[in-house]
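Working notes, structure below.
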Amino acid sequence: TAQIYRNEEEAGAALRETGVDRSKVYITTKYSGVGSIRDAIRTSLAKLGVSHVDLYLLHSPRASLPDITTAWREMERILDQGLAKSIGVSNYTPVEFDILFKTARVVPAVNQILFHPYVYEKSIPTLEYCKEKGIVIEAYSPLSPITRQPGGSLDKPLAAIAKAHNAEPNQILLAWAKAKGTVVITSSRQKERLQGYLDAGEIGSSYHNLFDWWRLSEDFVELSTAEIAIIDKSAAKN
5 TAQIYRNEEE AGAALRETGV DRSKVYITTK YSGVGSIRDA IRTSLAKLGV SHVDLYLLHS
65 PRASLPDITT AWREMERILD QGLAKSIGVS NYTPVEFDIL FKTARVVPAV NQILFHPYVY
125 EKSIPTLEYC KEKGIVIEAY SPLSPITRQP GGSLDKPLAA IAKAHNAEPN QILLAWAKAK
185 GTVVITSSRQ KERLQGYLDA GEIGSSYHNL FDWWRLSEDF VELSTAEIAI IDKSAAKN
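5 is the number of the first residue of the sequence shown in this note's numbering; add one for each residue after it.
The structure is reproduced here in structure tokens:
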């Protein structure tokens with residue numbers, strides 16, 4: 005969820021109605037630049053109906069108000085107060101990180117970024133920076149080449165690789181993102197696929213446990229180095 009998405013109340017209602025134990029749910033929400041960070045987290049917690057979130061993010065550099073260093077100091081206070089178990093950022097590049105690290109005492113746990121093959125090349129500096137600092141990369145919109153940008157240079161190679169694995173193109177894109185060292189955030193309008201995530205059991209506080217489940221499921225695809233290279237090269241032509 006996120007402040008600007010206006011879906012925190014709905015998420016909170018869903019949690020209450022399902023009766024799922026809080027410890028079984030990993031909750032992330034974001035400060036999107038509306039009001040003070042201190043007030044925003046308390047409002048988000050009230051809407052979600054929880055005492056803390058597992059991860060609280062600055063939605064973007066532009067939303068890091070009044071400035072990056074001050075905003076991050078407020079995030080650190082939220083962590084200290086136990087209102088969030090982890091804090092991080094979204095859509096940050098090395099430029100913004102250099103500003104943040106001038107005064108930061110806590111390293112961001114996560115950097116959530118747009119990530120798919122068509123933006124891979126320009127994402128490399130951010131990937132390398134975060135790897136060096138020990139910051140987890142969360143990849144959002146990993147399926148964009150088939151959901152938002154169909155008809156591009158990836159269509160044919162994705163179809164061919166998917167056929168070779170008796171899989172679907174979306175599975176290939178998820179496998180590619182995993183191979184690049186990211187943790188994938190995705191969604192589905194298909195009840196069956198959503199049910200699959202629910203049936204995965206306890207995910208807990210580790211992002212990587214979701215991939216442990218995926219690896220053992222029939223949906224798991226592991227790409228070869230050559231296949232990853234084909235995707236990279238084909239995407240660069242787009």
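Using N, Cα and C, we set each Cβ at its ideal position, and we do this for glycine too.
This structure is a prediction, so every number in the text was calculated from the model and none was measured.
Assuming N174 and I141 form a contact by the criterion Cβ under 8 Å, report the distance between their Cβ atoms to the nearest whole angstrom.
One-based indexing of the sequence shown puts residue 174 at position 170. One-based indexing of the sequence shown puts residue 141 at position 137. That pair is no contact at about 19 Å.
Give me the Cβ distance between A44 and Q85, rounded to the nearest whole Å; I'm assuming they're in contact under 8 Å.
Taking the sequence shown and counting its residues from 1, the one referred to as residue 44 is at position 40. Taking the sequence shown and counting its residues from 1, the one referred to as residue 85 is at position 81. Their Cβ separation, rounded to whole angstroms, is 14 Å, which puts A44 and Q85 out of contact at 8 Å.
Pull up the CB-CB distance for E12 and S48, whole angstroms please, since I reckon it's below 8 Å.
Numbered from its first residue, the sequence shown carries residue 12 at position 8. Numbered from its first residue, the sequence shown carries residue 48 at position 44. Contact flag correct, Cβ pair sits at about 5 Å.
Please classify S127: is it buried, with 16 or more other beta-carbons within 10 angstroms of its beta-carbon, or exposed?
Start at 1 with the first residue of the sequence shown, and residue 127 comes out as number 123. Classification for S127: buried.
7 Å Cβ shell around P65 - same chain, five flanking residues per side excluded:
Counting from one through the sequence shown, the residue named residue 65 turns up at place 61. Once the five neighbours on either side are set aside, the close Cβ partners of P65 are I72, N95, Y96 and E100.
Only counting the same chain, and skipping five residues up and downstream in sequence, which positions put a Cβ closer than 8 Å to that of I82?
Against the sequence shown, residue 82 aligns to sequence position 78. Within the same chain, I82 has close Cβ partners I41, R42, I45, Y60, A88 and I91.
Status (buried if at least 16 other CB within 10 Å, exposed otherwise) for K135:
As a first step, residue 135 must be located in the sequence shown, where it is residue number 131. Exposed, since its Cβ has fewer than 16 Cβ neighbours within 10 Å.
For T130, the nearest candidate out of P149, D102, P146 and S148 (CA to CA)
Within the sequence shown, the letter at position 126 stands for residue 130. Out of P149, D102, P146 and S148, D102 has the C-alpha closest to the C-alpha of T130.
Backbone CA spacing between T22 and S157 [nearest angstrom]
Position 18 of the sequence shown, counting from 1, holds the residue named residue 22. Position 153 of the sequence shown, counting from 1, holds the residue named residue 157. When the Cα atoms are used, T22 and S157 turn out to be separated by approximately 43 Å.
Determine whether the beta carbon atoms of H120 and L162 lie at a separation below 9 Å.
The sequence position of residue 120 within the sequence shown is 116, counting from 1. The sequence position of residue 162 within the sequence shown is 158, counting from 1. Against a cut-off of 9 Å, the Cβ pair of L162 and H120 comes out as no contact.
Which residues mark the beginning and the end of the beta strand (DSSP E) in which T186 is found?
For the purposes of this step, residue 186 is taken as the residue at position 182 of the sequence shown. Per DSSP, T186 is not a residue of any beta strand (DSSP E), being assigned neither H nor E.
Using C-beta distances below 6 Å, list every residue in its chain close to I165, excluding the 5 sequence neighbours before and after it, in chain order.
The sequence position of residue 165 within the sequence shown is 161, counting from 1. The answer, listed in chain order, is I176 and E231.
Could you check what DSSP says for K51 in three-state terms: helix, strand or coil?
The sequence position of residue 51 within the sequence shown is 47, counting from 1. Three-state result, K51: helix.
Exposed unless 16 or more other CB atoms sit within 10 angstroms - verdict on K184
As a position in the sequence shown, residue 184 is number 180, starting the count at 1. Under this definition K184 is a buried residue.
Please state whether the Cβ-Cβ distance between V57 and T74 is less than 9 Å.
Mapped onto the sequence shown, residue 57 falls at position 53. Mapped onto the sequence shown, residue 74 falls at position 70. No, Cβ-Cβ distance for V57 and T74 is not below 9 Å.
Span of the alpha helix (DSSP H), counted from its first residue to its last, around L104
Position 100 of the sequence shown, counting from 1, holds the residue named residue 104. Per DSSP, L104 belongs to the alpha helix (DSSP H) from P98 to L104.
Per DSSP, what are the beta-bridge partners of K34 in this structure?
Here residue 34 corresponds to residue number 30 of the sequence shown, with the count starting at 1. K34 is bridged to L61.
Sorted by chain position, which residues of the same chain lie with C-beta nearer than 6 Å to T242's C-beta, five sequence neighbours on each side aside?
In the sequence shown, residue 242 corresponds to position 238, counting from 1. Residue identity check: residue 242 is Asn in the sequence provided, not Thr. Same-chain partners within the cutoff: Y122, G156 and S157.
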